[in-house]
Amino acid sequence: MTDHNDTSTPQKTKNRFELHSERLATTDEHGNRIYIFPEDVTGLWKTYRTYFYWFLIVLYMIVPWIYVKGKPLLFLDIMNREFTFIGNTFHGMEPIIIFLALVSGLFFLAFMTSVFGRVWCGWACPQTVYIQTIFLGIEKFIEGSARKRKELEDAPWNIEKIFKRTIKWILFTIVSLHITHTAIGYFIGPRELLSMSLGSPFENWGVFTAVMIVTAIILFDFGWFREQFCIIMCPYGRIQSVMMDENSMVIAYDKKRGEPRRGTTPKENEGDCINCYNCVKVCPTGIDIRRGNQLECIACTNCIDACDDIMEKVGKPKGLIRYSTENALNGKPQNLLHARPIIYIIASLFFLVAFIVVIFNSQNLKVQFIRNIGAPYNVVKEASGESKVLNMYNLKFIHQGDKVYHLSYKTSDPTVQFITPRIPTKIDKPEMKVPFFLKFDSAILVNGSKVITFEVYDGEDEATRELVYSQEVTLVGPITK
Ligand code: SF4
Ligand code: SF4
């Protein structure tokens, strides 16, 4: 939250990096956007982040191409309601499975936020990863340093500006198309996507339209909208503060050590902050971390590196801006694993275990026994002239995974015939319906009915087949005795 009681921040604007105390750094007094040109930074955290960002980008690009047991490592086939993970396919995508996975993930994110603050935003959010590595990289390559980029922005539209902006947006478009194609690869499979990409767009106009829309969104967001998304639109950014408290790790300015900053007090009273604004200049959301923990901070660590560099130059210890907790900064004991994150992680594990149990159980064959709608029975004449009673039913089989079942059937009364197109019945789809008749002599009925047991077995070999389902069935027919 912005510390509006910060008396060390004068209202009067000294330079463009001395931010207004009452409005966002990215808007002017009329509410118009002020475009941010963050300066380049080098340092330990930037190096770690850059390696990690490239690791994520490469991972994101290669995962759709990795196959395990002949299947994609991760594949979300929404059209066929199938989910493949490490070579295992789960059909049906039952709502309970999706619900449990999502809730477990959300509680885990809450746990991470509660302990490590906005670590997701700074280290793993695709927007941060792609903007910080590729989009800003292209921008710097074409337009130069932050100062040159700002000068180009302020310059009138001349040949140089048109040329540079055109090249930049062409490259942005190519990168956005690549990101989108990779993302779509997770949903339709990379091989299918490749063959679609080589064909005419009109042959796959649905996928083509989706690719164009997603590319346009990425281009707009990563190319231009950028920090505005984090500040204005990101739902996680809006709610993260409720998951954090004084024990959460954040990127913070050590006010006790830094204040009073240079230029605001006689030299002998000065703290360690030399008021160079380097932490502001490198901030991708344009904030001044010295004003306290703020909603706009995406925990990118740029200001840590920028300030450490200055501290090194002025011969003072690094860490004036650092990862810390509010308690630690105020000299109180810090407790990262306190009640709140413990509750979050327990909830996350609970839903994860429930998810695994449901997935495990859903691999077993589920059988639904359904009596046919309509007349309860029919009486038919056999070729021999004998009358037989027919009861008609349906069996519905549901299962996850890849196991193929070979089902056969048995009734407790051997005179009752089971009639279906094929025995054993091969169940090789996640959901199959098998219609069947039970045919019997009306003489076995007492007062028009008889209870028998109906059993379903799995296995091609009768000697080793296993019982998978048993059901009591009431046969019905004409009252003859
Ligand atoms: S305040 Fe620091 S950590 Fe937060 S967004 Fe700005 S530069 Fe990144
Ligand atoms: S970079 Fe460090 S010394 Fe410079 S203004 Fe920021 S906190 Fe102060």
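Numbered by the working numbering, the letters in the sequence shown go through residues 106 to 586 in order.
Virtual Cβ for every residue (Gly too), placed ideally from N, Cα, C.
Since the model is a prediction, treat every value here as computed from it, not as a measurement.
Distance between GLU144 and THR278, taken at the CA atoms: about 24 Å. Between ligand 2 and TYR428, a heavy atom-to-CB distance of less than 7 Å is absent. Assignment of ILE264 by DSSP, reduced to helix, strand and coil, places it in the helix class. Per the DSSP secondary-structure output, PHE523 pairs in a beta bridge with LEU543. Contact between the stretch 557-576 and the stretch 472-483 is present, with at least three C-beta pairs closer than 8 Å. Under DSSP, the beta-bridge partners assigned to ASP563 are LEU512, GLU571.
Scanning ILE532, GLY436, VAL312 for the CA closest to the CA of ASN469 turns up ILE532. Residue environment for ARG396: buried (at least 16 other C-beta atoms within 10 angstroms of its C-beta).
Excluding its 5 nearest sequence neighbours in each direction, ASN496 has C-beta neighbours in its own chain below 6 Å: TYR482, LEU543, LEU580, listed in chain order.
Within 10 angstroms of the beta-carbon of VAL387 lie 16 or more other beta-carbons, which makes it buried. The beta carbon of LEU257 sits closer than 7 Å to those of GLU248, LYS266, LYS269, all from its chain and outside the five residues before and after it, given in chain order. Under the three-state reduction of DSSP, SER281 is assigned to helix.
Rounded to the nearest whole angstrom, the C-alpha separation of THR406 and VAL419 is 20 Å. When distances are taken from the beta-carbon of GLY363 to the heavy atoms of ligand 2, the shortest one is below 7 Å. Judged by their CB atoms, GLY290 and ALA130 are not nearer to each other than the 8 Å cut-off. Taken through DSSP and simplified to helix, strand or coil, ILE141 comes out as coil.
ALA357: not part of any alpha helix (DSSP H); member of the beta strand (DSSP E) spanning 355-358, first to last residue.
Short note on CYS378: C-beta not closer than 7 Å to any heavy atom of ligand 1.
Around the Cβ of PHE157, a 10 Å sphere holds fewer than 16 other Cβ atoms; the residue is exposed. Taken from the Cβ of ALA404, at least one heavy atom of ligand 1 lies inside 7 Å.
Its chain contains GLY363, ARG366 as the residues whose beta carbon lies nearer than 6 Å to that of CYS378, once the 5 sequence neighbours on both sides are disregarded; these appear in chain order. The closest heavy atom of ligand 2 lies less than 7 Å from the beta carbon of ALA411. With a cutoff of 8 Å on beta-carbon distance, PRO529 and LEU512 are scored as near each other. In summary, SER219 is buried, with 16 or more beta-carbon neighbours lying within 10 Å of its beta-carbon over all protein chains present. Membership of ASN499 in the beta strand (DSSP E) is indicated by the continuous run 492-503. For CYS384, the shortest separation between its Cβ and any heavy atom of ligand 2 lies below 7 Å.
Below 8 Å, too few C-beta pairs join the stretch 447-465 and the stretch 424-433 to call them touching: fewer than three. Of the residues ARG331, CYS339, GLU536, ARG154, the one whose Cα lies closest to the Cα of ARG186 is GLU536. In this structure, ligand 2 has no non-hydrogen atom nearer than 7 Å to the beta-carbon of ILE356. Between THR285 and THR233, the C-beta spacing is not below 8 Å. At least one heavy atom of ligand 1 sits closer than 7 Å to the Cβ of VAL387. In the same chain as TRP329, and ignoring 5 residues on each side of it, no C-beta atom comes closer than 7 Å to its own. Under DSSP, LYS386 shares a beta bridge with no residue. DSSP links PHE190 through a beta bridge to LEU179, ASN193.
The DSSP-derived three-state label of ILE464 is helix. Residue side-chain check: ASN137 keeps its Cβ at 7 Å or more from all non-hydrogen atoms of ligand 1.
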